[in-house]
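K.L.:
Just so you know, the protein sequences line up as chains A and B, in that order. First residue of the first sequence: 1, per the UniProt record's numbering; consecutive thereafter. First residue of the second sequence: 1, per the UniProt record's numbering; consecutive thereafter. Using N, Cα and C, we set each Cβ at its ideal position, and we do this for glycine too. Input: one structure, supplied below.
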Amino acid sequence: MQVTMTVNDVEVTREIEGRLLLVHFLRDVLGLTGTHSGCDTSNCGTCVVWLDGEPVKSCTVLAAMAGGHQVRTVEGLAKGAELDPVQQGFIQCHGLQCGFCTPGMMMTARALLDRNPDPTEAEIREAISGQICRCTGYATIVRSVRWAAVHEANAAAAVTETTESREAGEIDNAGQPAGSVV
Amino acid sequence: MQVPAPFEYERATSVDHAISLMERLGSTSRLIAGGHSLLPMMKLRLASFDYLIDINDLHDELGYIEAGPGEMRIGALTRHRELLESATLTAAFPIFADAERVIADPVVRNRGTLGGSLCQADPSEDLSAVCTALDASCVIRGPGGAERLVSMEEFHVGPYETAVGDGEILVEIRLPVRPGCGSAYEKVERRAGDWAVVSAGAAVWLDGGVISDARVGLAAVGPNTTGIPEISAALRGQEPSESLFEQAGAIAARSCDPATDQRGSADYKRHLADELTRRTLRRAVERARS
């Protein structure tokens, strides 16, 4: 059968078997090996991708079921060369050791922050409770997601401040706040 | 690597289309909604079908929570996450939010559906116990659009077997809304998101400080979700008290039929049936009063 879906903003059409799982479609047919395949039983969560913006376990979704829908994988997290704050957080806070669970963790974390920009530690732990890490013991993963939340809040505040300053005429044409010491 | 045996994939565009596909393809076809019970069973060759009919596109038609006079109606394709996040449902029946918080994990809850959970008819399944406690009825639609209404007692025919026949689809779950209701759910599990060792759901209806009706549904203590009419009979007309909850717990323990397995011994499960029945009744009464 033929399936057409949008993966990371690119429309793809392929001939597949009805029984092909989404995780294998992404990895073996499209070559997007950022999404990992772990337990095969929807327990470990390393295969988490987004289906129409919602995190799903792609080992338990048929590729055919994604037909006509939007899929986003870890490869679609960065904007060009700019890493997503969640990715930066995992680097800054040592959110991974072996890296096997990381793609799923980051996709779930990004979806959490999109709905709840300032999650508590408990909310982060609840969000990733269907995903298993066997290296870090979760502490650094939770810290990484918090780092992303704080970083994004600060970045948003800086943008607001800059915009307000510009509107108030406090920034010169070179983009430097008036009177600032460089 | 686990993959299902080969099958043909079909996609339904409406409930009536799904029914006509089932009529054409016969008993070797099966509906798939969230797929988080069916696909694992197919991977393990515990289930095998020639055709899978994907009904996820029917979410607009079958994904809803509607509070009507005297009755709440929930579409069968309403997802766990939607049930958990519905303020309307939680306000009327907090037992749903209690249960949804301990069903699998948030990512699985993005896909799994109420109808799929009930139709899976796993003896340990949580929402069957919830619906049993709430005296739900199920709307099953068949060929020609004919609908029939069955109680939860009639719905479960055996483990993994329901009253939904060939060419039929569960479309709606109806929950009677009566005044003075309180409800609660509690589950003991080995680890977060696991199937229940035992779980209990309770609903009570108070009228002037007296229990006008009460219902208890237990999961994982028999071949199907267990409703215990004897508890209802013992509680009706009584004022809530610890000794009454104790009596209900004792009835639950002796009325259920648990099996010793890797999750625990039959004795331990009877103990849990007793304790969880007391706890959920206690909380249901507290909620009915507040």
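1. For Thr13(A), does the count of other Cβ atoms within 10 angstroms reach 16, so buried, or fall short, so exposed?
2. Using beta carbons (cut-off 8 Å, strictly below), is Asp54(B) in contact with chain A?
3. By the DSSP assignment, the beta strand (DSSP E) with Tyr160(B) in it spans what residues?
4. According to DSSP, simplified to helix, strand and coil, what is Val150(B)?
5. Whose CA, out of Gly165(B), Asp194(B), Ser241(B) and Arg101(B), lies closest to the CA of Gln262(B)?
6. If I follow the unbroken alpha helix (DSSP H) through Tyr268(B), where does it start and stop?
7. Of all the residues that make up the segment 4-24 of chain B, which are near chain A by a beta-carbon distance shorter than 8 Å?
8. In the DSSP assignment, find the unbroken beta strand (DSSP E) run with Thr4(A) in it and report its ends.
9. Quick check: what's the CA-CA separation for Cys138(B) versus Ile173(B)?
10. Using 8 Å for Cβ pairs, my map puts Met65(A) next to Asp60(B). What's the rounded Cβ distance?
11. Of all Cβ atoms in chain B, is any one closer than 8 Å to the Cβ of residue 229(A)?
12. I need the straight-line Cα distance from Lys269(B) to Gln247(B), nearest angstrom please.
13. Check whether the segment 40-47 of chain B and the segment 76-89 of chain B are in contact - that is, three or more C-beta pairs closer than 8 Å.
14. Relative to the C-alpha of Pro106(B), which candidate in Val23(A), Met106(A), Leu112(A) and Arg134(A) has its C-alpha closest?
15. Say whether the segment 184-193 of chain B touches the segment 161-168 of chain B, bearing in mind that this needs 3 or more beta-carbon pairs closer than 8 Å, one atom from each stretch.
16. Would you check if there are 3 or more beta carbon pairs closer than 8 Å linking the segment 119-136 of chain A to the segment 69-77 of chain A?
17. Using the rule of at least 16 other Cβ atoms within 10 Å of the residue's Cβ for burial, across every protein chain shown, is Gly68(B) buried or exposed?
18. Under three-state DSSP, which class holds Gly75(B)?
19. Considering Thr13(A), what are the terminal residues of the beta strand (DSSP E) in which it resides?
20. What residues from the segment 177-196 of chain B come within 7 Å of chain A, judged by C-beta to C-beta, listed N to C?
21. For Gly68(B), name the three-state secondary structure that DSSP assigns.
22. In this structure, how does DSSP classify Ile171(A) when only helix, strand and coil are distinguished?
23. Determine the contact status of Leu62(B) and Val130(B), defining contact as a CB-CB distance below 8 Å.
24. Going straight from the alpha carbon of Ala259(B) to that of Ala104(B), what length do you get?
25. What is the residue span of the beta strand (DSSP E) that Lys187(B) lies within?
26. Which of the three DSSP states, helix, strand or coil, is assigned to Pro55(A)?
27. For a contact defined as C-beta to C-beta under 7 Å, what are the partners of Leu39(B) on chain A?
28. Could you check whether the Cβ of Arg110(A) sits closer than 8 Å to any Cβ belonging to chain B?
29. Along the chain, where does the beta strand (DSSP E) containing Ala233(B) start, and where does it finish?
30. Is the separation between the beta-carbon of Ala273(B) and that of Ala288(B) shorter than 8 Å?
31. Between Asp126(B) and chain A, is the shortest Cβ-Cβ distance under 8 Å, so that the two count as touching?
32. At the level of alpha carbons, what is the spacing between Thr102(A) and Leu96(A)?
33. Anything in chain B within Cβ reach of Gly18(A), meaning under 8 Å, just list it in chain order.
34. Quick one: which unbroken alpha helix (DSSP H) runs of 4-plus residues sit fully inside the segment 45-125 of chain B? Chain order, please.
35. Can you tell me whether Gly179(A) is helix, strand or coil according to DSSP?
36. Answer yes or no: do Thr280(B) and Ala184(B) have a C-beta to C-beta separation smaller than 8 Å?
P.N.:
For this structure:
1. Counting the other Cβ atoms within 10 Å of the Cβ of Thr13(A) gives fewer than 16, which makes it exposed.
2. Yes - at least one Cβ of chain A is within 8 Å of the one on Asp54(B).
3. Neither: Tyr160(B) is in no beta strand (DSSP E) and is coded neither H nor E.
4. In this structure, Val150(B) counts as strand in the three-state DSSP scheme.
5. The shortest C-alpha separation from Gln262(B) is found at Asp194(B).
6. Run containing Tyr268(B): Ala266 to Arg289, per the alpha helix (DSSP H) assignment.
7. Flagged, chain order: Pro4, Ala5, Pro6, Phe7, Glu8, Tyr9 and Arg11.
8. Here the beta strand (DSSP E) through Thr4(A) covers Gln2 to Val7.
9. Those two C-alpha atoms are separated by around 5 Å.
10. For Met65(A) against Asp60(B), the beta-carbon gap comes to about 16 Å, at or over 8 Å, which does not count as contact.
11. Chain A is shown only over 1 to 182; residue 229(A) falls outside these bounds and no answer can be derived.
12. When the Cα atoms are used, Lys269(B) and Gln247(B) turn out to be separated by approximately 17 Å.
13. With a cut-off of 8 Å, the segment 76-89 of chain B and the segment 40-47 of chain B do not count as touching, because too few Cβ pairs lie within range.
14. Here the closest residue by C-alpha is Leu112(A).
15. These segments do not touch.
16. In short, these stretches do not touch, since the Cβ pair count stays below three.
17. So Gly68(B) counts as exposed.
18. Strand.
19. Looking at the DSSP string, the run of the beta strand (DSSP E) that includes Thr13(A) is Val10 to Glu15.
20. Hits within the stretch, in order: Ala192 and Gly193.
21. In this structure, Gly68(B) counts as strand in the three-state DSSP scheme.
22. The predicted model places Ile171(A) with a pLDDT of 47, which falls under 50 and marks its position as unreliable; any figure quoted below should be read in that light. DSSP places Ile171(A) within a strand segment (E or B) once states are collapsed to three.
23. No, the pair does not count as a contact, with Cβ atoms beyond the cut-off.
24. Each residue's alpha carbon lies about 22 Å from the other.
25. That run of the beta strand (DSSP E) goes Cys181 to Glu189.
26. Strand, per DSSP.
27. What Leu39(B) touches in chain A, judged by beta-carbon distance under 7 Å, is Thr60, going in chain order.
28. No, Arg110(A) does not count as interfacial toward chain B.
29. For Ala233(B), there is no enclosing beta strand (DSSP E); the enclosing alpha helix (DSSP H) covers residues Pro229 to Leu235.
30. Their beta carbons are not under 8 Å apart, which means Ala273(B) does not touch Ala288(B) by this criterion.
31. No - not a single Cβ of chain A is within 8 Å of the one on Asp126(B).
32. Approximately 6 Å, taken between the alpha carbons.
33. Here the neighbours are Pro6, Phe7, Glu8, Tyr9 and Leu52.
34. You should have 59-62, 80-85, 87-92, 94-100, 106-109 and 114-120.
35. Note that Gly179(A) scores a pLDDT of 37, beneath 50, so its modelled location is shaky; the value from the coordinates is reported in the next line. DSSP, read as helix, strand or coil, puts Gly179(A) in coil.
36. It is a contact, given that the beta carbons lie within the stated cut-off.
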